[in-house]
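S.K.: Chains as they are written, first to last, in the numbering used here: chain S, 7 to 242; chain U, 1151 to 1456. Backbone N, C-alpha and C fix where the C-beta goes; we use that ideal spot for every residue, glycine too.
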């Protein structure tokens, strides 16, 4: 059995669930809206982050998207039907992850230029440079994608969207707002802190923009592998 | 032709044996009823056959291959396990389209099975608006999607209205006539009797019977004759002379166990005993089944099969 039909099937599943299409839209809307709000009150010390301030909110929608796309399979025997059509569980989960990652990446790539434009329009402070903007756009798209995949992996382990969201969202809020100021040390290596370095004009931690994203890649990969392992090991 | 072969199949959940060294074969061209009380291990066996659960030991194969080794399995085996498997926010058609795409089944098949199961008018509605009977039909539509040689249905008449029950009976008969292998689980005996040719009966994970349905009934229920006459005294005397027991019934008739209408009818006619009614007592599958499973039924508060 080849990969493409399975991927097509998973993509049909995603685009035919209104709540999933809605959360993809919410990624873009939340990011742009909160970036615009953030840009109004900026002091101009970090022009790039003031344009990408909303990613912290948009990621919630990306996480909800990744978690829900997976957890929809754990309701009422849906997974049994899915796996009776695609018995190769590893292949199925790879298709699912691709069908989650690609649309988030596309929405993220759209969100970047839009949030830059909107934040630039409402903010009086210095605009980020062109190269910073490009890095921010790529970083934003990759970051949102990785967080969606991270959530997808966690949801496959926990087998529940509610459990996943009620674990990840408070975790991210606490990390970002409570211990977020404690720069340096272990907090820098948490998935959101590491990945968001790419959204800043300057940084002073151990991780740069690309090394930071690489750390988030490791987090997402670990979560997906744990999810795949759990799927293969357990009875459906 | 494709058979389902179950050999020494065993599944334990935390020390409890849900399925215990089960061996049977489901052959093509007939409907095999898969019977057993709740908790007997029917659904567990079906999940093992479909490669969804891993057996503790033993094998289950379809046409000689394990399910998980089938390329595009929906083209070989169609299964209905759970009518709630379709997501409530998706339309019936989209649910089937996603399933079809995974096994490269052309879109025309989606329309064909929607038509065949009578769901075409509801195809654009979200599944959450479907009645239980409609969800059951959607599950059956999904099972037929790949035009499979093997069809496995778990309690398909659940939630169907009388019209739906007649429909599924005809569908099962037709699938068998087309030479397919049809395995249908149920805990409803009389319902199963109306469509099955062959029976596999489970109790507490054990195989209790694997036999044609006629033999199953005849081996367990003694035939009898029901009689009504104007002259009960003459009848009783006549039957006693020929070694039969005549038992009076509440509605002033008689039943004669271990007798055939051919014999009793001739005797009564020769003796000139008036006959108002003479009928063979139909042995039902229900009686045979209760007789077989009464000792095996699991009434204890154990977890039931999911």
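(1) For the structure I just gave you, are there three or more beta carbon pairs, one from the region 1264-1273 of chain U and one from the region 1179-1196 of chain U, closer than 8 Å?
(2) Suppose you measure from the CA of residue 1323 of chain U to the CA of residue 1185 of chain U; what does that come to, to the nearest Å?
(3) Please confirm whether residue 238 of chain S has its beta-carbon closer than 7 Å to some beta-carbon of chain U.
(4) In or out: residue 8 of chain S buried (at least 16 other Cβ within 10 Å) or exposed?
(5) Under 7 Å between the Cβ atoms of residue 1191 of chain U and residue 1355 of chain U?
(6) For a minimum of 4 consecutive residues, which ranges assigned as the alpha helix (DSSP H) are wholly contained in the region 1274-1300 of chain U?
(7) Say whether the region 54-73 of chain S touches the region 190-210 of chain S, bearing in mind that this needs 3 or more beta-carbon pairs closer than 8 Å, one atom from each stretch.
(8) Taking only beta carbons into account, state which residues of the region 1228-1243 of chain U come closer than 8 Å to chain S, listed in chain order.
(9) Taking the beta carbon of residue 146 of chain S as the centre, do at least 16 other beta carbons fall within 10 Å, making it buried, or is it exposed?
(10) Report buried or exposed for residue 180 of chain S, applying the criterion of at least 16 other Cβ atoms within 10 angstroms of its Cβ.
(11) Determine the extent of the alpha helix (DSSP H) in which residue 1177 of chain U is found, giving its start and end residues.
(12) Determine the extent of the beta strand (DSSP E) in which residue 49 of chain S is found, giving its start and end residues.
(13) Between the alpha carbons of residue 245 of chain S and residue 1261 of chain U, how many angstroms are there, rounded?
(14) Tell me which residue opens and which closes the alpha helix (DSSP H) that residue 90 of chain S is part of.
(15) Use the C-beta contact count for residue 1453 of chain U: other C-beta atoms within 10 angstroms, 16 or more gives buried, fewer gives exposed.
(16) Measure the C-alpha to C-alpha separation of residue 1240 of chain U and residue 1435 of chain U and round it to an integer number of angstroms.
(17) Quick one: does residue 1372 of chain U have its CB under 7 Å from some CB of chain S?
(18) How is residue 1394 of chain U classed by DSSP in three states: helix, strand or coil?
(19) May I ask you to list, following chain order, the residues of the region 21-43 of chain S that have a beta carbon less than 8 Å from some beta carbon of chain U?
(20) For a contact defined as C-beta to C-beta under 8 Å, what are the partners of residue 18 of chain S on chain U?
(21) So, using beta-carbon positions, are residue 1152 of chain U and residue 1300 of chain U closer together than 7 Å?
(22) Put residue 1226 of chain U into one of helix, strand or coil per three-state DSSP.
(23) If contact is defined by three or more beta carbon pairs under 8 Å, each pair taking one atom from either stretch, is the region 1246-1258 of chain U in contact with the region 1285-1298 of chain U?
(24) Residues of chain S with CB under 8 Å from residue 1204 of chain U, in chain order?
(25) Does DSSP classify residue 1362 of chain U as helix, strand or coil?
(26) Report the residue ranges of all beta strand (DSSP E) runs contained in full by the region 1202-1276 of chain U; include only those spanning at least 3 residues, in chain order.
(27) Tell me, please, whether the CB atom of residue 1218 of chain U is closer than 7 Å to any CB atom in chain S?
(28) If we cut at 7 Å on Cβ distances, does residue 1283 of chain U have a partner in chain S?
(29) List, in chain order, every chain U residue whose beta-carbon is nearer than 7 Å to that of residue 83 of chain S.
(30) What residue range does the alpha helix (DSSP H) around residue 155 of chain S cover?
(31) Within a Cβ cutoff of 7 Å, which residues of the same chain sit near residue 101 of chain S, ignoring the five residues on either side of it in sequence?
(32) If you follow the beta strand (DSSP E) that residue 1353 of chain U is in, where does it begin and where does it stop?
(33) On the criterion of 16 or more Cβ atoms from any shown chain inside 10 Å, does residue 1312 of chain U qualify as buried, or is it exposed?
(34) When DSSP labels each residue in this structure, what does residue 201 of chain S get in the three-state scheme?
(35) Any beta carbon of chain S sitting closer than 7 Å to that of residue 1201 of chain U?
(36) Are the CB atoms of residue 159 of chain S and residue 229 of chain S nearer to each other than 7 Å?
M.R.: Per the coordinate set shown:
(1) The region 1264-1273 of chain U vs the region 1179-1196 of chain U: no contact.
(2) If I take the Cα positions, the gap works out to 18 Å.
(3) Interface with chain U (7 Å Cβ-Cβ cutoff): residue 238 of chain S is excluded.
(4) With fewer than 16 Cβ atoms within 10 Å of its Cβ, residue 8 of chain S is classed as exposed.
(5) In contact: residue 1191 of chain U and residue 1355 of chain U (Cβ atoms closer than 7 Å).
(6) The DSSP assignment places complete alpha helix (DSSP H) segments of no fewer than 4 residues inside the region 1274-1300 of chain U at 1282-1294, in order along the chain.
(7) For the pair of segments examined, the region 54-73 of chain S was found to touch the region 190-210 of chain S: the number of CB pairs separated by less than 8 Å reaches three.
(8) Considering only beta carbons, the part of the region 1228-1243 of chain U lying closer than 8 Å to chain S consists of 1229, 1231, 1232, 1234, 1235, 1236, 1237, 1239, 1240 and 1241, in chain order.
(9) By the 16-neighbour rule on beta-carbons within 10 angstroms, residue 146 of chain S is buried.
(10) Counting other Cβ atoms within 10 Å of its Cβ, residue 180 of chain S stays below 16 and is therefore classed as exposed.
(11) No alpha helix (DSSP H) contains residue 1177 of chain U, which DSSP labels as neither H nor E.
(12) Neither: residue 49 of chain S is in no beta strand (DSSP E) and is coded neither H nor E.
(13) For chain S, the structure presents residues 7 to 242; residue 245 of chain S sits outside this window and is missing.
(14) Residues 84-91.
(15) In this prediction, residue 1453 of chain U has a pLDDT of 44, which is less than 50 and means its spatial position is unreliable; what the coordinates show is noted afterwards. A residue is called buried when at least 16 other Cβ atoms come within 10 angstroms of its Cβ; residue 1453 of chain U does not meet this threshold and is exposed.
(16) The straight-line gap from Cα to Cα measures roughly 40 Å.
(17) It does not: the Cβ of residue 1372 of chain U has no partner Cβ on chain S nearer than 7 Å.
(18) Coil at residue 1394 of chain U, not helix or strand.
(19) Cβ proximity to chain U below 8 Å picks out 22, 23, 24 and 25 from the region 21-43 of chain S.
(20) Residues of chain U with a Cβ closer than 8 Å to the Cβ of residue 18 of chain S are, in chain order, 1244, 1247, 1248 and 1251.
(21) In contact: residue 1152 of chain U and residue 1300 of chain U (Cβ atoms closer than 7 Å).
(22) Here DSSP, grouped into helix, strand and coil, assigns residue 1226 of chain U to coil.
(23) Output reads yes: the region 1246-1258 of chain U touches the region 1285-1298 of chain U.
(24) Ordered by position in chain S, the residues that pass the 8 Å Cβ test against residue 1204 of chain U are 241.
(25) Here DSSP, grouped into helix, strand and coil, assigns residue 1362 of chain U to strand.
(26) For the region 1202-1276 of chain U, whole beta strand (DSSP E) runs of length 3 or above, ordered along the chain, are 1207-1212 and 1227-1230.
(27) Cβ-Cβ to chain S under 7 Å: yes for residue 1218 of chain U.
(28) No, because no Cβ of chain S sits closer than 7 Å to the Cβ of residue 1283 of chain U.
(29) Those are 1231, 1232, 1234 and 1235, listed as they occur along chain U.
(30) Counting along the chain, the alpha helix (DSSP H) containing residue 155 of chain S begins and ends at 136-164.
(31) These residues qualify, in order along the chain: 9, 12, 13 and 16.
(32) Residues 1348-1353.
(33) It counts as exposed.
(34) Note: residue 201 of chain S maps to helix in three-state DSSP.
(35) Interface residue, yes.
(36) In this structure, residue 229 of chain S lies closer than 7 Å to residue 159 of chain S by Cβ.
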